[in-house]
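Participant:
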Amino acid sequence: MTGFLNIFNHALFWYYLASNLAYLLMLVVALRTTAAHQHRLQSHRLNWIKEAPLAPAITVIAPAHNEERSIRVAVRNLLELDYPQLEVIVVNDGSADRTLEELREEFRLRLVRAIYVPEAQSAQVRGLYRSEIDPKLMVIDKEPGGSKADAVNAGLNSATSPYVCIVDADSILERDGLLRIMLPILDDPDRVVAVGGIIRVLNGSEIEEGHLRRVRLPRKGIEVIQVIEYLRAFLIGREAWSQGNMLMVISGAFGVFRADLVRAVGGYRTSAIGEDFDLVARLHRHLRQQGVAYRIPFVPDPVCWTEAPSDLKSLGRQRARWHKGLLDVLWQSRDMLFKRRYGRIGWLALPYLWLFELIAPVIELGGIVTIILAACMGALSREFFLQFLIFGYAFATIISIGSVLQEEITYKRYNDWQDVVRLVSYCFLEHFPYRQMHMVWRLQGLVQYLRGDNTWKPLKRKGLESAGVR
Amino acid sequence: MWRLGPSGLVVKAIIAAIVADGLMLAFILLRRTYRKRYFARRDARVYELRQIWDALISGQIPYATWRRKAFDRRIVETIALDAFDAAGPEESARLLKFLRTSGLIEKRIFEARHLTGWRRMRSLVALGRTRAPEGIPALAEGLRDSRLETRLAALRGLARTACPQAAEEILAWIGESGLTVPELPLQSALVQCCAERPQLLVPHLKNMQGRLREVLGRVLGEVATPSMGMDLLQFAADDLDELRAAAARALSQSQSRHAPEVLIDLSRDPVWFVRLRAIVSLGELGDLRAIPPLMRGVTDSNRLVRLRAAEALLGLKQDMVPIFEQVVGTHDRYGLHAYLTALDNADLRQTLEAELQVTTRVSEEQRMCLQRVLQAGILDSDARLEPESIAESPVGHR
Numbered sequence: 001m002t003g004f005l006n007i008f009n010h011a012l013f014w015y016y017l018a019s020n021l022a023y024l025l026m027l028v029v030a031l032r033t034t035a036a037h038q039h040r041l042q043s044h045r046l047n048w049i050k051e052a053p054l055a056p057a058i059t060v061i062a063p064a065h066n067e068e069r070s071i072r073v074a075v076r077n078l079l080e081l082d083y084p085q086l087e088v089i090v091v092n093d094g095s096a097d098r099t100l101e102e103l104r105e106e107f108r109l110r111l112v113r114a115i116y117v118p119e120a121q122s123a124q125v126r127g128l129y130r131s132e133i134d135p136k137l138m139v140i141d142k143e144p145g146g147s148k149a150d151a152v153n154a155g156l157n158s159a160t161s162p163y164v165c166i167v168d169a170d171s172i173l174e175r176d177g178l179l180r181i182m183l184p185i186l187d188d189p190d191r192v193v194a195v196g197g198i199i200r201v202l203n204g205s206e207i208e209e210g211h212l213r214r215v216r217l218p219r220k221g222i223e224v225i226q227v228i229e230y231l232r233a234f235l236i237g238r239e240a241w242s243q244g245n246m247l248m249v250i251s252g253a254f255g256v257f258r259a260d261l262v263r264a265v266g267g268y269r270t271s272a273i274g275e276d277f278d279l280v281a282r283l284h285r286h287l288r289q290q291g292v293a294y295r296i297p298f299v300p301d302p303v304c305w306t307e308a309p310s311d312l313k314s315l316g317r318q319r320a321r322w323h324k325g326l327l328d329v330l331w332q333s334r335d336m337l338f339k340r341r342y343g344r345i346g347w348l349a350l351p352y353l354w355l356f357e358l359i360a361p362v363i364e365l366g367g368i369v370t371i372i373l374a375a376c377m378g379a380l381s382r383e384f385f386l387q388f389l390i391f392g393y394a395f396a397t398i399i400s401i402g403s404v405l406q407e408e409i410t411y412k413r414y415n416d417w418q419d420v421v422r423l424v425s426y427c428f429l430e431h432f433p434y435r436q437m438h439m440v441w442r443l444q445g446l447v448q449y450l451r452g453d454n455t456w457k458p459l460k461r462k463g464l465e466s467a468g469v470r
Numbered sequence: 471m472w473r474l475g476p477s478g479l480v481v482k483a484i485i486a487a488i489v490a491d492g493l494m495l496a497f498i499l500l501r502r503t504y505r506k507r508y509f510a511r512r513d514a515r516v517y518e519l520r521q522i523w524d525a526l527i528s529g530q531i532p533y534a535t536w537r538r539k540a541f542d543r544r545i546v547e548t549i550a551l552d553a554f555d556a557a558g559p560e561e562s563a564r565l566l567k568f569l570r571t572s573g574l575i576e577k578r579i580f581e582a583r584h585l586t587g588w589r590r591m592r593s594l595v596a597l598g599r600t601r602a603p604e605g606i607p608a609l610a611e612g613l614r615d616s617r618l619e620t621r622l623a624a625l626r627g628l629a630r631t632a633c634p635q636a637a638e639e640i641l642a643w644i645g646e647s648g649l650t651v652p653e654l655p656l657q658s659a660l661v662q663c664c665a666e667r668p669q670l671l672v673p674h675l676k677n678m679q680g681r682l683r684e685v686l687g688r689v690l691g692e693v694a695t696p697s698m699g700m701d702l703l704q705f706a707a708d709d710l711d712e713l714r715a716a717a718a719r720a721l722s723q724s725q726s727r728h729a730p731e732v733l734i735d736l737s738r739d740p741v742w743f744v745r746l747r748a749i750v751s752l753g754e755l756g757d758l759r760a761i762p763p764l765m766r767g768v769t770d771s772n773r774l775v776r777l778r779a780a781e782a783l784l785g786l787k788q789d790m791v792p793i794f795e796q797v798v799g800t801h802d803r804y805g806l807h808a809y810l811t812a813l814d815n816a817d818l819r820q821t822l823e824a825e826l827q828v829t830t831r832v833s834e835e836q837r838m839c840l841q842r843v844l845q846a847g848i849l850d851s852d853a854r855l856e857p858e859s860i861a862e863s864p865v866g867h868r
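If you read the protein sequences in the order shown, they are chains A and B.
Numbering-wise, the working numbering puts 10 at position 10 of the first sequence, and it's gapless, one number per residue.
Take any residue in the second sequence, note its place counting from 1, add 470, and you have its number in the working numbering.
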């Protein structure tokens, strides 16, 4: 038994070290590439692109389910986006509330027979509407499909542009967000097939008429920790992975895709739990099988602000679901592992996700159990245990402060001193007990997936209209 | 079991991690403090310079008083270039005169020629923003830089000047170096610079091959003017799909009497986007000879061609009943769907219903059939018209 504990704890130490070193490497890469991106932006004056006559058209698809409180503001916001050739498709996914009526009243919708080719799987469409006020707007009213994927597919079937941008109807896209996210496509339309933008936490910020007036840090600690998590995931993780063309996730709240390719892979998989991750994985698979040169970059400055869960129950549900989605996609993509044709996706990106994301909570749990066992058996060196804890704490804090640093030297959205002090403080506070709770939620997700429990429960949200009330 | 390594190593790692944490925090703190002071200083200086702005740009205040101070010079240049972006012709001329006489343009030209890397790129962007013709040679040199970002900055700068000299420089450069930048910025730049003299493209289109020729073809499609009539006609029979599509697009602007005939030929092209361009152009020309090819377009195998053909038919400002009758007479469900889509998009359904109520061009039975099709949106056996009735319809004779 002691021998087993010895081996396991050795492995745990090296696993932990490898995981954090990987993140440290990503931090260095991200700092370097973001600086280059900042320089590059200087030659792209956004208003020049706005006037470019040959900029490809784009269709923004916003699925909406029971969004009566915020749909007017959200759609107005989308219609005001800066982009030369824009179409906005709002998909009312069988809302049981007044979402469609709100849209009808606000935008004077009329029923039309627009082109609808059901190439991607979606529930029955009840009607297609166009706005009499703004010809850019189309609304699809459909039977509830039970998933966001189903609703996005309906939008995809009606989209007439070569590019589609998928956004959440309850998120706020910055006015120049589309121009910024399209920059890699405008620079290299042949190879860039999809682009991911950054998602940030809206909670606590001040909103007026659907526009962000002032960015502030949320009040609750649990929300601030999510701010740090988002910064770490996007400004470090995705930035670095995209440098190696190994970006595996484009957030469902904000991403641009080449429409023909999304159709070629059958649109979103309606049974997928993490439909955004699933789509990108299938795009990688499809393009690698075709043997074409392609790029899926991440752009760190087009910002989409979204409301994060503000209570533990909702957050737990969200994280369990994310982890279920991760397992679902990794399981579906298991045949890509260590295959030559899938290149770095099969040899690096997917193994990393298996090793350092998917089974991380299992290993963490194993570590806690073996430490307790070793302590009970009197085999635990208190001195080394303490050192390991301090080292782990300080190392993990480097990554969190690194993400705040990245934010500071690039985009600097939190201008208030008070906000920065709180943000940095939570870099030290997030490790106990939030990290352990996070482990439990992720384990719950794994158990739920293995039990076949894939039901989706809506998260408790305040909605755009109330998000800015401070 | 936990004695897996020298404890001293872990202690060193802890110290390193804590020092790293501390350094990053200190950096954030110092940077914030520095930036706060810098912006406060800058803001105060901008305010001061704004108060004397008119005197400053008219030269009443000697340029030497602010040019020697880099801090002031950057502010003045930024204010001037920002104002330039939004200025009307008169204000632009005043600002350009100021930028010239103060030597700021010459300074940027010098930097664009002698600096390297990001600094050269910044100078090229600033130079482009001035839209000064004397900056064109320096910008053209930037096109030959080994860094893609610098080439793009130079290209965008030339695009801002929007003059034929810049187009000549760009065309000469792609002639010697080929396609060394992404297509879209190149196309955008050429569209802006060739708008005044699209003929500049013609000799290059005749000589170039491959992707470059496609790019130039697309540019031609954007900038062609009626004065290019004969040049355009020769590209309508080109082997390159892109060029035929460009010719089809450009012919919508042509006043040549041959344009409708050429477009009718192109509407039968095997490539869908050539047909699409031809159909759209036929619609824009508004020539009644376009009705048969547009009717054929409504039954095209490509959905976009069908939709655009239907939109073009609605845009002809003809009586809608005979055209609707013909669409129904094609017995093509997809064609009918495209027509009804275009009808709804243009909000003309009620107009057609009203015309159907009062028309005397069709028999009562035919009218009932057409009304049923319009309301149901599908072709049923009752709604089908005999081919003869179409031949007898007024549009059928056109």
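Ideal placement from N, C-alpha and C gives every residue a C-beta, glycine not left out.
Quantities reported herein were computed from a predicted structural model and do not represent experimental measurements.
#1: If the cut is a Cβ gap below 8 Å, which residues of chain A does Q657(B) touch?
#2: Tell me, which residues are paired with T306(A) by DSSP?
#3: In terms of residue numbering, what span does the alpha helix (DSSP H) encompassing F388(A) cover?
#4: If the criterion is Cβ atoms closer than 8 Å, does the pair I181(A) and G204(A) meet it?
#5: I'd like the span of the beta strand (DSSP E) that includes T160(A), first residue to last.
#6: Exposed or buried, E646(B), counting other C-beta atoms within 10 Å across all chains shown (16 or more means buried)?
#7: Tell me the rounded alpha-carbon separation between G255(A) and A642(B).
#8: Tell me whether V280(A) is buried or exposed, calling it buried when 16 or more other Cβ atoms sit within 10 Å of its Cβ.
#9: Alpha carbon to alpha carbon, how far is K539(B) from A349(A)? Give it in angstroms, no decimals.
#10: Out of F356(A), V90(A) and V440(A), state which residue places its alpha-carbon closest to the alpha-carbon of K313(A).
#11: Assess, as a yes-or-no matter, whether the segment 169-184 of chain A is touched by the segment 293-310 of chain A under the definition of 3 or more beta carbon pairs within less than 8 Å.
#12: Identify each residue in the segment 667-680 of chain B for which the Cβ-Cβ distance to at least one residue of chain A is less than 9 Å, and report them in chain order.
#13: Would you mind telling me which residues of chain B sit closer than 8 Å to V117(A), beta carbon to beta carbon, in chain order?
#14: Any beta carbon of chain A sitting closer than 8 Å to that of R501(B)?
#15: Output, in chain order, the set of chain A residues within a Cβ distance shorter than 8 Å of T811(B).
#16: Against chain A, with Cβ distances strictly below 8 Å, would L801(B) count as a contact?
#17: Kindly indicate the opening and closing residues of the alpha helix (DSSP H) around D701(B).
#18: Compute the Euclidean distance between the alpha carbons of A534(B) and I606(B), then round it to the nearest angstrom.
#19: Run down chain B in chain order and give the residues with a C-beta less than 7 Å from the C-beta of G402(A).
#20: Among all the DSSP beta bridges, which residues are the ones paired with K142(A)?
#21: By the 10 Å Cβ neighbour count, where 16 or more other Cβ atoms means buried, how is D170(A) classified, buried or exposed?
#22: Is there a C-beta anywhere in chain C that falls below 8 Å from the one on M591(B)?
#23: From the beta carbon of W588(B), is the nearest beta carbon of chain A less than 8 Å away?
#24: At the 8 Å Cβ level, is F705(B) part of the contact set with chain A, yes or no?
#25: Could you confirm whether any beta carbon from chain B is found closer than 8 Å to the beta carbon of D187(A)?
#26: What three-state label does DSSP hand V843(B) in the structure shown?
#27: Between P118(A) and N157(A), which are expected to be in contact by the criterion C-beta below 8 Å, what is the C-beta distance as a whole number of angstroms?
#28: Given this structure, state the Cα-to-Cα distance separating H10(A) from P351(A), to the nearest angstrom.
#29: Taking DSSP as the reference, what is the three-state secondary structure of I207(A)?
#30: Distance cutoff 8 Å, beta carbons only. Does Q124(A) sit that close to anything in chain B?
#31: Helix, strand or coil for A629(B), going by three-state DSSP, please let me know.
#32: Closer than 8 Å, CB to CB, is F497(B) near chain A or not?
#33: Under the assumption that D97(A) contacts N77(A) (Cβ atoms under 8 Å), give the Cβ distance between them as a whole number of angstroms.
#34: Tell me V60(A)'s beta-bridge partners as DSSP assigns them.
#35: Can you pull out the residues from the segment 387-399 of chain A whose beta carbon lies closer than 8 Å to at least one beta carbon of chain B?
#36: Could you please tell me which residues of the segment 600-615 of chain B, in chain order, have their CB closer than 9 Å to any CB of chain A?
Facilitator: Checking against the coordinates, here is how it stands:
#1: L54
#2: V201(A)
#3: R382 to I409
#4: no
#5: Segment: none, T160(A) is in no beta strand (DSSP E) and carries neither H nor E.
#6: exposed
#7: 38 Å
#8: buried
#9: 51 Å
#10: V440(A)
#11: yes
#12: none
#13: R773
#14: yes
#15: V112, R113, A114 and I115
#16: Rather than Leu, the amino acid found at residue 801(B) in this sequence is His. Chain A, which has no Cβ nearer than 8 Å to the Cβ of H801(B), makes this no.
#17: G699 to F705
#18: 26 Å
#19: M494
#20: D93(A) and V125(A)
#21: buried
#22: No chain C is part of this structure, whose protein chains are labelled A and B.
#23: yes
#24: no
#25: yes
#26: helix
#27: 5 Å
#28: 21 Å
#29: strand
#30: no
#31: helix
#32: yes
#33: In fact, because the Cβ distance is near 20 Å, the residues do not count as touching under 8 Å.
#34: V88(A) and C165(A)
#35: Q387, F388, I390, F391, A394, F395, T397 and I398
#36: none
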